[in-house]
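Sequence order for the protein chains is P and C.
Taking this note's numbering, the leading residue of the first sequence gets 1445, the next gets one more, and so forth.
Taking this note's numbering, the leading residue of the second sequence gets 305, the next gets one more, and so forth.
Backbone N, C-alpha and C define an ideal beta-carbon position, used for all residues, glycine too.
To start, the structure under review is shown below, and the notes come after it.
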Amino acid sequence: EAGVAQSPRYKIIEKRQSVAFWCNPISGHATLYWYQQILGQGPKLLIQFQNNGVVDDSQLPKDRFSAERLKGVDSTLKIQPAKLEDSAVYLCASSLGVGRWADTQYFGPGTRLTVL
Amino acid sequence: AQSVTQLDSHVSVSEGTPVLLRCNYSSSYSPSLFWYVQHPNKGLQLLLKYTSAATLVKGINGFEAEFKKSETSFHLTKPSAHMSDAAEYFCVVSDQGGSYIPTFGRGTSLIVHP
């Protein structure tokens, strides 16, 4: 079974530029998560989708971050404009069920963003 | 609201000695608890999870964890450390309080000395 795919793996941009990350979850997985992991910290949930609806985006900085999940499958996360403090690894994960708090999450390799 | 506290940022052990990584949680509902491992330059992987069945949970690679409601703890243990266990370990809580939002701890770095 193919895992969660993310691209690009690495991205370097200057502050105030825009950047987009792409995630393809495991086929058939209803729930998709985007996390931000700053060096030395645990992943912080930015947004959670169930199919193509948003379950929670309370920690998403909506003035600069946006995310969508097209047709309940692929997802993109965008930052516009980027700030220095956005430098982090952006992780995408998916899980099989809907509204199931005990579901295992399967993580992609992450995108490492450096903002100069 | 839910939260999770990993009590040690680093744990250092010698190969062949026991491992204990500590995790305390707070939840207003019956929680599910997970341990994930992150090896250098690799993605996060599930080690084990507790979902209100048996309180002693066995996971991959010889790890296990015990859910103790009275102590609000979910410590991760392994009888004998191996060099390949060196990694970052994350405790995660998720409850059925309506949103199923997983919350990660800050992580514990396990260092294994030969």
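List, in chain order, every chain C residue whose beta-carbon is nearer than 9 Å to that of residue i.
i, result
"L1489 (chain P)", "I405, P406, T407, F408"
Which bits of chain P does residue i rub up against, with CB to CB less than 7 Å?
i, result
"L311 (chain C)", "Ordered by position in chain P, no residue passes the 7 Å Cβ test against L311 (chain C), which lies about 14 Å from the chain."
Between which two residues does the beta strand (DSSP E) carrying residue i extend?
i, result
"Y340 (chain C)", "335-342"
"T1531 (chain P)", "Here residue 1531 (chain P) turns out to be Ser, not Thr, going by the sequence shown. Per DSSP, S1531 (chain P) belongs to no beta strand (DSSP E) and is neither H nor E."
"L1548 (chain P)", "Reading off the sequence shown, one finds Thr at residue 1548 (chain P), where the question assumed Leu. No beta strand (DSSP E) holds T1548 (chain P); DSSP gives it neither H nor E."
"S307 (chain C)", "307-310"
"V315 (chain C)", "314-318"
"E1458 (chain P)", "Note, E1458 (chain P): premise wrong, no beta strand (DSSP E); not H, not E."
"Q1481 (chain P)", "1475-1481"
"S413 (chain C)", "412-417"
"N1513 (chain P)", "First, the amino acid is wrong: residue 1513 (chain P) is Arg here, not Asn. Segment 1509-1513, the beta strand (DSSP E) holding R1513 (chain P)."
"I1523 (chain P)", "1519-1523"
"T1555 (chain P)", "1555-1559"
Looking only at its chain, what residues have a beta carbon closer than 8 Å to the beta carbon of residue i, apart from the 5 residues adjacent to it on each side?
i, result
"M387 (chain C)", "E319, V416, P418"
Is residue j closer than 9 Å to residue i when the C-beta atoms are compared?
i, j, result
"N328 (chain C)", "F378 (chain C)", "yes"
"T1558 (chain P)", "Y1454 (chain P)", "yes"
"Y1479 (chain P)", "A1526 (chain P)", "no"
"S336 (chain C)", "K353 (chain C)", "yes"
"L380 (chain C)", "V323 (chain C)", "yes"
"S1502 (chain P)", "C1467 (chain P)", "no"
"Q310 (chain C)", "V397 (chain C)", "no"
"H343 (chain C)", "A391 (chain C)", "yes"
"Q1481 (chain P)", "I405 (chain C)", "no"
"N1496 (chain P)", "L1521 (chain P)", "no"
Residue i touches chain P at which residues, Cβ-Cβ below 8 Å?
i, result
"F394 (chain C)", "G1486, P1487"
Among residues of its own chain, excluding the 5 on either side of residue i, which ones have a beta-carbon nearer than 7 Å to its beta-carbon?
i, result
"I1456 (chain P)", "T1558, L1560"
"I1523 (chain P)", "S1462, V1463, R1508, F1509, D1530"
Output needed for residue i: all residues of its chain with C-beta closer than 6 Å, excluding positions within five of it in sequence on either side, in chain order.
i, result
"P383 (chain C)", "P322"
"R1460 (chain P)", "P1525"
"V341 (chain C)", "Q349, L351, A391, Y393"
What residues from chain C crowd round residue i, counting only those whose CB sits closer than 7 Å?
i, result
"F1551 (chain P)", "G347, L348"
"Q1480 (chain P)", "Going along chain C, no residue has its Cβ under 7 Å from Q1480 (chain P), so there is no contact; the nearest lies around 11 Å."
"Q1492 (chain P)", "I405"
Residue i versus chain C: which residues are under 8 Å apart at the beta carbon?
i, result
"G1554 (chain P)", "G347"
Inset, instruction - Assess, as a yes-or-no matter, whether the region 1546-1553 of chain P is touched by the region 1515-1532 of chain P under the definition of 3 or more beta carbon pairs within less than 8 Å. - result: Output reads no: the region 1546-1553 of chain P does not touch the region 1515-1532 of chain P.
Legend entry - Inter-stretch contact at 8 Å, needing at least 3 Cβ pairs: the region 1486-1498 of chain P / the region 404-414 of chain C: At 8 Å Cβ cutoff, the stretches touch.
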